[in-house]
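S.K.:
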Amino acid sequence: MDNQFIFQYSWEILPKKWVHKMKRSEHGNRFYTNTDYLFPLLCFLKWHTYTRVQVLIDICGVDYPSRKRRFEVVYNLLSTRYNSRIRVQTSADEVTRISSVVSLFPSAGWWEREVWDMFGVSFINHPDLRRILTDYGFEGHPLRKDFPLSGYVEVRYDDPEKRVVSEPIEMTQEFRYFDFASPWEQRSDG
């Protein structure tokens, strides 16, 4: 079955409130959804006869500080039956919680913990949402664009005391401006 047929069929049969935008690409197709409809959309993609997405490859987080809903969470899915890739993207702000998909894809537990640890995006009904890559006492979320380049504390081993010492860093940091506009994006749309 053709990948574009699957995508077009899904677009036509899905409730319009679940998907507010779609984008076709040779590298995979994308559905853009609201956080409220993420779980039902992923259920549809997993269990519908013409999609049968059985593999959650990855969950990624992206931080766009200039946007109102600054965090974008991307679900990379694979249908081995139809040899097609689908990306589902949703956006959240700092207080919006996203539904966990661990009940659909057990491997999501690790990916959701990573997104929580690195960006601070929280997931509802996650069985074990705790840090996975940083230390338990770590402050902040290091992949946020507003996280200081030098961090908040310096951790070092003190030889005379024979222990690890944490000291606050007393350096100021200038505001960083991020321009996400690409000159190539404007040319490819025309």
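Here the working numbering is used: the sequence shown runs in plain steps of one and ends on residue 941.
Quick reminder that beta carbons are idealized off the backbone N, C-alpha and C, glycines included.
Of the residues Tyr887, Ala859 and Glu890, which one's Cα is nearest the Cα of Asn876?
M.R.: If we check each option's Cα against that of Asn876, Ala859 comes out closest.
S.K.: Between the Cα of Val853 and those of Arg895, Gln805 and Ile764, spot the shortest distance and give me the residue it belongs to.
M.R.: Looking at the Cα atoms, Gln805 is the closest of the given residues.
S.K.: For Ile920 and Tyr833, I'd like the C-alpha separation in whole angstroms.
M.R.: The alpha-carbon atoms of Ile920 and Tyr833 are separated by roughly 53 Å.
S.K.: Do you know how far the Cα of Val904 is from the Cα of Asn780?
M.R.: If I take the Cα positions, the gap works out to 42 Å.
S.K.: Start and end of the beta strand (DSSP E) containing Lys797?
M.R.: Lys797 -> not in any beta strand (DSSP E); alpha helix (DSSP H) instead, spanning Leu789 to Trp798.
S.K.: Just checking my contact of Asp787 with Arg820 at CB under 8 Å: how many whole Å lie between their CB atoms?
M.R.: Going by Cβ atoms, the distance from Asp787 to Arg820 rounds to 13 Å, so no, they are not a contact pair.
S.K.: Taking 8 Å as the threshold (C-beta atoms), are Leu796 and Trp769 in contact?
M.R.: Not a contact, by the Cβ cut-off of 8 Å.
S.K.: May I ask which residues mark the beginning and end of the alpha helix (DSSP H) holding Glu863?
M.R.: Element bounds for Glu863: Ala859 to Phe870.
S.K.: If you draw a straight line from the alpha carbon of Gly812 to that of Lys774, how long is it in whole angstroms?
M.R.: Rounded to whole angstroms, Gly812 to Lys774 spans 19 Å at the Cα level.
S.K.: Helix, strand or coil, according to DSSP, for Gln805 in the structure here?
M.R.: Reduced to three states, the DSSP call for Gln805 is coil.
S.K.: What is the rounded straight-line gap between the Cα of Ile810 and the Cα of Pro878?
M.R.: Each residue's alpha carbon lies about 17 Å from the other.
S.K.: Cβ of His892 within 8 Å of Cβ of Phe870?
M.R.: Going by C-beta atoms, His892 is nearer than 8 Å to Phe870.
S.K.: Go through its chain and collect everything with a Cβ distance to Phe782's Cβ below 6 Å, but skip five positions before and after it.
M.R.: Closer than 6 Å at the Cβ level, and outside the excluded window around Phe782, lie Val770, Met773 and Val839.
S.K.: According to DSSP, simplified to helix, strand and coil, what is Glu905?
M.R.: It is a strand residue.
S.K.: Tell me which same chain residues have a C-beta within less than 8 Å of the C-beta of Arg818, skipping the five on either side of it?
M.R.: Same-chain partners within the cutoff: Ser842.
S.K.: Whole angstroms are fine: how far does the CA of Leu789 sit from the CA of Ser761?
M.R.: If you take the alpha carbons of Ser761 and Leu789, they lie about 15 Å apart.
S.K.: Assign Leu828 to buried or exposed, taking buried as 16 or more other Cβ atoms, counted over all protein chains shown, within 10 Å of its Cβ.
M.R.: When all chains shown are included, Leu828 counts as buried.
S.K.: Between the beta-carbon of Arg803 and the beta-carbon of Ser830, is there less than 8 Å?
M.R.: Contact: yes.
S.K.: On a CA-only basis, which of Tyr801, Leu880 and Glu918 is nearest Ile837? Give me that one, please.
M.R.: If we check each option's Cα against that of Ile837, Tyr801 comes out closest.
S.K.: Kindly list the residues whose CB is nearer than 7 Å to the CB of Val906, restricted to its own chain and excluding five residues on each side of it in sequence; keep chain order.
M.R.: Excluding residues within five positions, the ones whose Cβ falls inside 7 Å are Val915 and Ser917.
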